[in-house]
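S.K.: Mind having a look at this structure? Questions to follow.
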Amino acid sequence: MTKLFHGIYAYGRDIETRESAWRAALLVAGPGSALTSRSALELLGAARLLTPIPPVIHVATSRDRAGRHRGLSPALRNTWVYVVRRRFDPGDLRERGGLAVVRAALALLDFAVSAPDTDVKFAFLELCRLRLFGEKDVQFCFRRSVGKRGALKVRPLLGLWVPELNRIKSVLEGLFLLSWVPRRWKLPEVNVKIFGREVDFLWRKEGLVLELDGDAFHTDPIARQRDLEKARFLESKGLTVIRITWKEFMEDPDGVVERIARELGLV
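The numbering of the sequence shown is my numbering, which starts it at 771 and goes up by one.
Given below as structure tokens:
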């Protein structure tokens, strides 16, 4: 028998997976508890998993169990469970893989309390990409962010939400939309097909295609050749195709937006 946390034991081997660590953390907080903040976002797939066993696990509970709890077994000796007390309303809790987790919007608000602005923005876009954050969540977040310390980081993103964010397939596409929306120009179609080819952004009437090349998918020679052939095909159909890399966009997002606007005759 292995002692995981005070009062929590494993019969047999020590913790070997993050899912087991999350499950043990929920036992620390007691019945009715749920993963929140970064832990919830990791479980939902909206935050990167940095280590096999998380060094910090965030749990919310309606019980009087708030506090910090350090792991005691060899696998958990560098892990802390942070338990916060929350009042849960109906619909606040979900289940994923047999683990209790707070609603994505609540996880984002809790995450924003201590996370950098950039990490909050990326988590927001990942939730949109996964279709775990939609129009109803925008209003929900506005209501539940009142008085919360993370509100100042989340509320500006809520004001930029558009349905097209639920069609993105990458954070880079989301970052472009977040830079485009404040101008109140015509929104593009997102990840749609034209002439049998799927494109990232399309202004159909104007015949303009924008392709955003993230480093993860467009750096090898085969991918670059495929992208080139696709662009040539679309151009043969009379479309204008603009390709922007991750580096180009991140170095000058406003410049990229202005370039697209000029092509569309908006400036």
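Idealized CB from N, CA, C, for every residue including glycine.
Tell me which same chain residues have a C-beta within less than 8 Å of the C-beta of leucine 819, skipping the five on either side of it?
M.R.: Excluding positions up to five away in sequence, the list reads Arg788 and Glu812.
S.K.: Can you list the alpha helix (DSSP H) stretches of 4 or more residues lying completely in the stretch 774 to 808, in chain order?
M.R.: Those alpha helix (DSSP H) runs which fall completely within the stretch 774 to 808 and span 4+ residues are 788 to 799.
S.K.: At a cut of 8 Å, does the stretch 829 to 841 reach the stretch 897 to 905 through at least three beta carbon pairs?
M.R.: Touching, no.
S.K.: For alanine 810 versus valine 890, is the C-beta spacing smaller than 8 Å?
M.R.: In this structure, valine 890 does not lie closer than 8 Å to alanine 810 by Cβ.
S.K.: Here's the rule I'm using: 16 or more other beta-carbon atoms within 10 Å means buried, otherwise exposed. How should lysine 1007 be labelled?
M.R.: Counting Cβ neighbours within 10 Å, lysine 1007 comes out exposed, since fewer than 16 surround it.
S.K.: Under a Cβ-count criterion, where at least 16 other Cβ atoms within 10 Å of its own Cβ denotes burial, should histidine 776 be classed as buried or exposed?
M.R.: Exposed is the call here.
S.K.: Taking Cβ positions, are phenylalanine 881 and arginine 808 nearer each other than 8 Å?
M.R.: Contact: yes.
S.K.: Can you list, in chain order, the residues of its chain whose CB lies under 7 Å from that of valine 908, leaving out five sequence neighbours each side?
M.R.: Answer for valine 908: Leu928 and Trp931, listed in chain order.
S.K.: Using 8 Å as the cut-off, can you tell me whether the stretch 798 to 805 makes contact with the stretch 845 to 865, which would need three or more C-beta pairs spanning the two stretches below that distance?
M.R.: The stretch 798 to 805 vs the stretch 845 to 865: in contact.
S.K.: Considering only the beta carbon of each residue, do leucine 972 and proline 1023 sit closer than 8 Å?
M.R.: Going by C-beta atoms, leucine 972 is not nearer than 8 Å to proline 1023.
S.K.: Three-state secondary structure (DSSP) at threonine 772?
M.R.: Here threonine 772 sits in strand by DSSP.
S.K.: Quick one: what does DSSP say arginine 840 is sitting in, helix, strand or coil?
M.R.: Here arginine 840 sits in strand by DSSP.
S.K.: What does the alpha-carbon distance come out to for the pair alanine 1124 and leucine 774?
M.R.: Not covered by the structure: residue 1124. The range shown for the chain is 771 to 1037.
S.K.: Rounding to the nearest angstrom, what Cα-Cα distance links valine 854 and proline 886 in this structure?
M.R.: Straight-line Cα distance between these residues: approximately 20 Å.
S.K.: Comparing alpha-carbon positions, which option in Phe858, Thr821, Ala795 and Val1026 lies nearest valine 851?
M.R.: For the residues Phe858, Thr821, Ala795 and Val1026, the minimum Cα distance to valine 851 belongs to Ala795.
S.K.: Could you compute how far the alpha carbon of leucine 879 sits from the alpha carbon of arginine 953?
M.R.: Going from the Cα of leucine 879 to the Cα of arginine 953 covers about 26 Å.
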